[in-house]
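Heads up, the thing below is written out as structure tokens.
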Amino acid sequence: MRQITFREALNESLRYNMRNDDRVFCWGEDIGVLGGAFGVTAGLINEFGPGRVIDTPLSEIAIVGAGIGAALGGLRPVVEIMYIDFTPGCMDMIINQMAKIHYMFGGQSKVPMVLRIVTGAMGENAAQHSQSFYSFFVHTPGLIVVTPTTPYDAKGLLNTSIASENPVIFVENKRTVNIKGEVPEENYTIPFGNADVKRQGEDLTIVATQALVYDALKVAEEMEKEGVSIEVVDPRTLKPLDKETIFNSVRKTGRLIVADEGCIHCGIASEISALVAQEIIEYLDAPVIRVGSPDTPCPFSPPLEKAYIPGKQELREAIAKIM
Amino acid sequence: MRQITFREALNESLRYNMRNDDRVFCWGEDIGVLGGAFGVTAGLINEFGPGRVIDTPLSEIAIVGAGIGAALGGLRPVVEIMYIDFTPGCMDMIINQMAKIHYMFGGQSKVPMVLRIVTGAMGENAAQHSQSFYSFFVHTPGLIVVTPTTPYDAKGLLNTSIASENPVIFVENKRTVNIKGEVPEENYTIPFGNADVKRQGEDLTIVATQALVYDALKVAEEMEKEGVSIEVVDPRTLKPLDKETIFNSVRKTGRLIVADEGCIHCGIASEISALVAQEIIEYLDAPVIRVGSPDTPCPFSPPLEKAYIPGKQELREAIAKIM
Amino acid sequence: MQIDNETKIRMLKEMLKIRSFEEKIQELYHAGYIPGSMHLSTGQEAVPVGVCLNLLKSDYLLSSHRGHGHVLAKGGEYKYMMAELYGKKTGYCGGKGGSMHFANVKIGVLGTNGIVGGGICIAAGVGFSIKYQKSEKVTVCFFGDGAANTGAFHEGLNFAAVLKAPVVFIIENNQYAISVPRKLSDCVEDLSIRAAGYNMPGVTVDGNDVMAVYETAKTAVERARSGGGPALIECRTYRWHGHHAGEPKDGLVYRSQEEIDSWKEKCPIKRLREALIAGNIITEKEVDTLEKEFQQELERAIDFAEKSPYPDAEALYENVYIDEG
Amino acid sequence: MQIDNETKIRMLKEMLKIRSFEEKIQELYHAGYIPGSMHLSTGQEAVPVGVCLNLLKSDYLLSSHRGHGHVLAKGGEYKYMMAELYGKKTGYCGGKGGSMHFANVKIGVLGTNGIVGGGICIAAGVGFSIKYQKSEKVTVCFFGDGAANTGAFHEGLNFAAVLKAPVVFIIENNQYAISVPRKLSDCVEDLSIRAAGYNMPGVTVDGNDVMAVYETAKTAVERARSGGGPALIECRTYRWHGHHAGEPKDGLVYRSQEEIDSWKEKCPIKRLREALIAGNIITEKEVDTLEKEFQQELERAIDFAEKSPYPDAEALYENVYIDEG
Ligand SMILES: Cc1ncc(C[n+]2csc(CCOP(=O)(O)OP(=O)(O)O)c2C)c(N)n1
Ligand SMILES: Cc1ncc(C[n+]2csc(CCOP(=O)(O)OP(=O)(O)O)c2C)c(N)n1
Ligand SMILES: [Mg+2]
Ligand SMILES: [Mg+2]
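Protein chains in written order, with numbering that gives the first Met the number 0: chain G, 0 to 322; chain R, 0 to 322; chain U, 0 to 324; chain P, 0 to 324.
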């Protein structure tokens, strides 16, 4: 099958949805002529014009807030905030408005909006351009949180997100944006709350998200040679979370590592550990190990950044602890 | 010993620190003549004048941001944001500036600032005035997160917070503000990272925060009659977290419930469960149960709000599951 | 501008509708029937009425925490509002919202907001949706003088200006943000001067003069409707009561009785009422009848609210997400 | 205003100091020596120099992501800046910050900022601390035209105005926020008009005329220092290169070569240099010598940076919290 990048898969989904539904439009900083900081909206302005692919002022509160308003007015906004690091600037709109409007008005209104954000540390961008705190959004009732890994996941989940009646936080990890994978030309969707077992195994489950899925797969290959059979489960959406697929894997293997690029404390890795400890603890044969970013801001200096980003080394150490 | 309310204990600490250190000042909305939405700053403007007890414009970004600036300029700001629900409006200042300045400038600057915020659901204030998402701040490296329960804790921890060189998020739960307790007249401090065993027990550990500590103590009394001996551990600061005291208790009882008013997913209750599952799982004789707010915004209607707020009933159900 | 007598009578009627509601619910609140917290707009009635008389049912409205008057002026009905204030299932939001979170999408009320300034950027986007759909609706957005100092105000007005969105922003300047007076909050005489920063019209008007508000809003609404883009109107007014029902001393902690009394003298209803009676446009007796009718309607609304059930227990978990079929 | 020759020479020198640095690090970046991303201020040198010549070492400065020029103009030294850009332990921030997070507290540089508009409210508070301590310092805060559309701009300027804090806010209006031109970002001619919304002086000045910048800033700085409160200065300028080093086509995707060339014609350095030479204030040769000296200093700085060690591995975990004794 055809191989395209994660970025291209998203671009294809946007194009498809904009062609098929006039209500869909995009706005954000530099998404027009420049095609977005990571190229996801490249070329869309040529096909759909500046009335549907809109470069906005540098005003994140308004970018998200007016996105919500446009959704209330009947449109289907796909809004880009360049880096997750800039969402604290518009967090009120996300947490207090986008997430709550449907509920607090008793179901009268809906906010069918997709908020695309880029996360992760890469390329020495330091403390304010390297974060991964989407667990905030999991902690917030009312939001869907989507974390696609492969180009296939990206296209299917963005299609589902744009079609959704709910507000969606769509998380794109920097380190996966240029990775290629098989993606059908035709359109398809992937339901929310549907984890993907990216690799089958018997001895140990690694639940991993985004870039860490690739790392986990590589480490699993290595470990296969050492006789350890690792199953890699990718939740793909953190909210709703496909507990059953995770639980089934842990019931089989009895051992669990949860790996997510966010800081560990109160992150999704903690959540998944806690769920297992609450609901199927009797299946555990070993401690549940979390792998994530250390409890520090992201440093600039290349060797420090390298040490900061969780990856294969941290996974190997975690495996060593429980195998 | 003298009994005063939580509110009065905080007021006493503020007064003491302002008398003893000219660098300490307070600002926030309505903290002057009105004495704050919950009365914590009552009367301070009379003693210290409007130059040190400052009513600000309705500008949360600036309230926090300029607080940071004042700290950089050598002062010791005690900043009030009326409800935690308004911190998303200034989250950039908290997450990207306050938490990171010391680190990203390589330790050159410090932000010795206390950010006081009120949390919790009470009195039918609905979705935008009832939240408890301080777990965001635990997920953010660089912040201290303080959650005092009793008036004694409140005074001692506020003293420590104001003396601290680090940025502190100081969380005040609505339901505890008017509760009385013994508080020495003289000044004292309580170190960060020092949990308090609020009740000794043998069969089950409840780690609880703030209002839920009171609920846990009541339920523990009830259960005592039924022959179940419950230990109640109050972390008092969520970051740093006194793991050892929690672990020692769980090592003794083998059973753990974690109760916190925040929403459960990715909250501090998940974090504490995950820590136990990672570090001392072998001591557990039962699943770890989390008690918290449901995964919904807080509704207005009195019976719904009542059902929303976690309390004795939820604790009893949790106990029933594992005893 | 010539305002016809019918419109003038309607102004009086709408203001009385709001005043009657606010005074009644204040009583009910103090008697313990209404839970939560409420922000009354008594004394400020000319603003919603003067603005909303320029709107069609299909136009949109967003409002603040002090929103009862806006909802009523846009066509809100006593009984569903009362039921909402009581937290009942039959309320506009099924009891989920309460005083700070009214919405009635059918009459264009997209929501009051518990976050000060929370509706401003949303309004810009609602305006954009109108333009995008090539419809001729208008959006109005009400907020206070305090809200004019939020970052959202700046971003929302600039965004609306850049998009040329049909939005009329209304500052209800009642001189205070809770206890904080204007002089501690900003340094300008007229907040409407800030419109210049977005190159949109900005006007300050006597917010207790319903006809002046009406005329000023008319210009802005017509301009927006015909593609002229957004505008900012500052209405100077005053709230008679404390910031919220039940505030200690009802606002006297930070305001003087003389100040309050001087504004009561400038009551927008008294002013119009006297003018209409003097002009033989309405009689004393007709006004009394109107007031009585509102009282009766209020009694029926209270009855409706009291007899309505609370939401079912499951409602707590409903409307968090829409089922993805 | 009469500007003495010494000051004029200093202006030229400081601008050359910045230009030389920016051009050299651009080379180094493209050659792969400097990691991360950097925002060059080539073409904008008159702004930091014109402003900072009015400051004392003890005055404070906050800046944006495009901050090298500000740090240099406030007294930053090549070698520590270079080491920081290389991510070395000897850099101003021990390698933790990099291009977007320079600080040198000793010379009053409280920080550049990776968040656009992130320094504005902080500056208001730094200004407050000066007033509170009855000191006579001044704070300047630099940011771009894009930043002027953030909520933080509005809240920060209003806050500073209300507190009468000694802060001079400088908009470096280089016409673009990355690829987004002013005409899609705001609707005004002069961004300085927004100062009226805070009742502070607002002036727009030719940001490529260092003497004009100097004089305008002088008035504002002196006013702030003597208790007159904050001011806003908009400097019209242009960045010659792409938004960041390494931007595809170096900015030509969204700008024309003619536009860029026309601004290069208005080069602030060329302008001053020609004027000073024509006025016999400096000779061609002296300028060459100056430039050579900067080149030599740069070589030494590179050497220093290259030979410096990276931070120790433990540094990752240091400076998160200060030990509570
Ligand atoms: C973002 C935010 N900050 C603070 C509050 C608390 N609060 C509620 S109303 C209010 C004052 C609002 O003043 P103004 O905008 O003038 O409206 P008014 O109440 O005078 O009608 C404040 C501070 C809030 N609800 N939201
Ligand atoms: C809050 C925030 N939003 C977006 C960005 C991404 N970004 C970095 S620089 C920039 C443009 C800034 O424009 P301007 O303020 O005019 O400064 P200039 O780069 O032109 O000097 C953007 C959008 C950011 N760093 N911070
Ligand atoms: Mg007001
Ligand atoms: Mg710019």
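Ideal Cβ placement from N, Cα and C applies to all residues, glycine included. Bear in mind that the values here come from a model prediction, so they are computed numbers and not experimental data.
Checklist entry - How about Leu84/P: is its C-beta nearer than 8 angstroms to some C-beta of chain R? => result Position 85 of the fourth sequence, counting from 1, holds the residue named residue 84/P. No, because no Cβ of chain R sits closer than 8 angstroms to the Cβ of Leu84/P.
Item to check | CB contact check: Leu315/U to chain R, cutoff 8 angstroms | outcome: Counting from 1 along the third sequence, the entry for residue 315/U is found at position 316. Yes, Leu315/U counts as interfacial toward chain R.
Checklist entry - Under 8 angstroms Cβ-Cβ, which residues of chain U neighbour Cys186/P? => result The count along the fourth sequence starts at 1 and reaches residue 186/P at position 187. Chain U residues near Cys186/P: Asn157, Ala160, Val161, Tyr197, Asn198, Met199.
Checklist entry - Tell me which same chain residues have a C-beta within less than 8 angstroms of the C-beta of Ala258/G, skipping the five on either side of it? => result On the first sequence, position 259 is the one that residue 258/G refers to. If we look at Ala258/G and ignore the five residues flanking it on each side, its Cβ neighbours are Ile205, Val206, Ala207, Thr208, Leu211, Asp214, Ala215, Ala268, Arg289, Val290, Gly291, Pro309, Glu313, Leu314, Ala317.
Checklist entry - Would a check of beta-carbon distances place Tyr307/R closer than 8 angstroms to chain G? => result If you number the second sequence from 1, residue 307/R lands on position 308. Taking Cβ atoms only, chain G never reaches closer than 8 angstroms to Tyr307/R, which makes this a no.
Item to check | For Tyr77/P and Ala300/P, the rounded distance between their alpha carbons | outcome: Your numbering for residue 300/P matches position 301 in the fourth sequence. Your numbering for residue 77/P matches position 78 in the fourth sequence. Distance between the alpha carbons of Ala300/P and Tyr77/P is about 6 angstroms.
Checklist entry - What's the C-alpha gap between Leu271/U and Lys7/U? => result As a position in the third sequence, residue 271/U is number 272, starting the count at 1. As a position in the third sequence, residue 7/U is number 8, starting the count at 1. Using only the alpha carbons, I get a separation of about 8 angstroms.
Checklist entry - With burial defined as no fewer than 16 other Cβ atoms inside 10 Å of the residue's Cβ, what is the status of Ala277/P: buried or exposed? => result Your numbering for residue 277/P matches position 278 in the fourth sequence. With fewer than 16 other Cβ atoms within 10 Å, it is exposed.
Item to check | chain P within 8 angstroms of Val32/G, Cβ atoms only | outcome: Within the first sequence, numbered from 1, the residue matching residue 32/G stands at position 33. Cβ-Cβ to chain P under 8 angstroms: yes for Val32/G.
Checklist entry - Counting by C-beta, which residues lie closer than 6 angstroms to a heavy atom of ligand 4, in chain order? => result Gly143/P, Asp144/P, Gly145/P, Asn173/P, Tyr175/P, Ala176/P
Checklist entry - So Ile3/G is in the beta strand (DSSP E); what residue range does that whole segment cover? => result The count along the first sequence starts at 1 and reaches residue 3/G at position 4. Counting along the chain, the beta strand (DSSP E) containing Ile3/G begins and ends at 2-4.
Checklist entry - Closest by CA to Val50/U, which one among Leu71/U, Gly35/U, Pro34/U? => result Locating residue 50/U in the third sequence gives position 51, counting from the first residue. Of the candidates Leu71/U, Gly35/U, Pro34/U, the one whose C-alpha sits nearest the C-alpha of Val50/U is Leu71/U.
Next on the checklist: According to DSSP, is Ala194/U part of a helix, a strand, or is it coil?
Outcome noted: One-based indexing of the third sequence puts residue 194/U at position 195. Ala194/U: helix per DSSP, three-state reduction.
Checklist entry - Bridge partners of Ile80/R, per DSSP? => result Mapped onto the second sequence, residue 80/R falls at position 81. Answer is Ile116/R, bridged to Ile80/R.
Item to check | Cys297/R - DSSP class collapsed to helix/strand/coil | outcome: Residue numbering aside, residue 297/R sits at position 298 when the second sequence is read from its first letter. Here Cys297/R sits in coil by DSSP.
Checklist entry - Cβ atoms of Glu171/P and Gln43/P: under 8 angstroms apart, would you say? => result Sequence index remark: in the fourth sequence, residue 43/P carries index 44 (1-based). Sequence index remark: in the fourth sequence, residue 171/P carries index 172 (1-based). It is a contact, given that the beta carbons lie within the stated cut-off.
Next on the checklist: Considering only heavy atoms of ligand 2, does any lie closer than 7 angstroms to the CB of His336/G?
Outcome noted: Lying before the first or after the last residue shown, residue 336/G is absent from chain G, which here runs from 0 to 322.
Checklist entry - For ligand 1, any of its heavy atoms closer than 7 angstroms to the Cβ of His138/G? => result Here residue 138/G refers to the residue found at position 139 of the first sequence. Result no, Cβ not under 7 angstroms from ligand 1.
Next on the checklist: If I measure Cβ to Cβ from Asp58/U and keep anything under 6 angstroms in the same chain, skipping five residues before and after, which residues do I get?
Outcome noted: Counted from its first residue, the third sequence places residue 58/U at position 59. Hits under 6 angstroms: Gly107, Lys136, Val137.
Next on the checklist: 8 angstroms is my cut-off, CB to CB: does Gly31/U come that close to chain R?
Outcome noted: In the third sequence, counting from the first residue as 1, residue 31/U sits at position 32. Gly31/U does not count as touching chain R.
Item to check | Local conformation of Gly72/R per DSSP, three classes | outcome: Numbered from its first residue, the second sequence carries residue 72/R at position 73. In the structure shown, Gly72/R sits in coil (DSSP, three-state: anything other than H, G, I, E or B).
Checklist entry - How far does the beta strand (DSSP E) with Ala207/R in it reach, from first residue to last? => result Taking the first residue of the second sequence as 1, we reach residue 207/R at position 208. Looking at the DSSP string, the run of the beta strand (DSSP E) that includes Ala207/R is 203-207.
Item to check | CA-to-CA distance, Arg198/R to Glu230/R, given in whole angstroms | outcome: Start at 1 with the first residue of the second sequence, and residue 230/R comes out as number 231. Start at 1 with the first residue of the second sequence, and residue 198/R comes out as number 199. The alpha-carbon atoms of Glu230/R and Arg198/R are separated by roughly 5 angstroms.
Item to check | Val231/R CB to nearest heavy atom of ligand 2 below 7 angstroms | outcome: By one-based count along the second sequence, residue 231/R stands at place 232. It does not: the Cβ of Val231/R is nowhere closer than 7 angstroms to a heavy atom of ligand 2.
Item to check | Heavy atom of ligand 1 within 7 angstroms of Ile114/U beta-carbon | outcome: Residue numbering aside, residue 114/U sits at position 115 when the third sequence is read from its first letter. Yes.
Checklist entry - Does DSSP classify Cys265/R as helix, strand or coil? => result For this step, residue 265/R is matched to residue 266 along the second sequence. If DSSP states are grouped into helix, strand and coil, Cys265/R belongs with coil.
Checklist entry - How would you label Asp91/G, buried or exposed, when you count the other beta carbons within 10 angstroms and need 16 or more for buried? => result The residue given as residue 91/G occupies position 92 in the first sequence. So Asp91/G ends up on the buried side.
Next on the checklist: Taking the alpha-carbon of Phe246/R as reference, which of Asp195/R, Thr295/R, Met222/R, Val218/R has the nearest alpha-carbon?
Outcome noted: The residue given as residue 246/R occupies position 247 in the second sequence. Out of Asp195/R, Thr295/R, Met222/R, Val218/R, Asp195/R has the C-alpha closest to the C-alpha of Phe246/R.
Next on the checklist: Tell me which residue opens and which closes the beta strand (DSSP E) that Phe24/R is part of.
Outcome noted: Within the second sequence, the letter at position 25 stands for residue 24/R. Where Phe24/R is concerned, the enclosing beta strand (DSSP E) stretches over 23-27.
Item to check | Beta-carbon contacts of Pro301/G that lie in its chain and below 8 angstroms, excluding the five residues immediately before and after | outcome: Taking the first residue of the first sequence as 1, we reach residue 301/G at position 302. Here the set comprises Glu123.
Checklist entry - What residues in the segment 52-78 of chain R have a beta carbon less than 8 angstroms from any beta carbon of chain U? => result Asp54, Thr55, Pro56, Leu57, Ser58, Glu59, Ile60
Checklist entry - For the segment 124-149 of chain G, which residues have a beta carbon sitting closer than 8 angstroms to at least one beta carbon of chain P? => result Asn124, Ala125, Ala126, Gln127, His128
Checklist entry - In the structure shown, what three-state DSSP assignment does Arg224/P receive? => result Within the fourth sequence, the letter at position 225 stands for residue 224/P. Residue state, collapsed to three classes: helix.
Item to check | Range covered by the alpha helix (DSSP H) that runs through Ser248/G | outcome: Taking the first sequence and counting its residues from 1, one reaches residue 248/G at position 249. Taken as a continuous stretch (DSSP letters only), the alpha helix (DSSP H) holding Ser248/G covers 242-252.
Checklist entry - Going by the CB atoms, is the gap between Gly150/U and Ile80/G shorter than 8 angstroms? => result Counting from one through the first sequence, the residue named residue 80/G turns up at place 81. Counting from one through the third sequence, the residue named residue 150/U turns up at place 151. Against a cut-off of 8 angstroms, the Cβ pair of Gly150/U and Ile80/G comes out as no contact.
Checklist entry - Quick one: which chain U residues come within Cβ less than 7 angstroms of Leu183/P? => result What you label residue 183/P is simply residue 184 of the fourth sequence in a count that begins at 1. Result: Val161.
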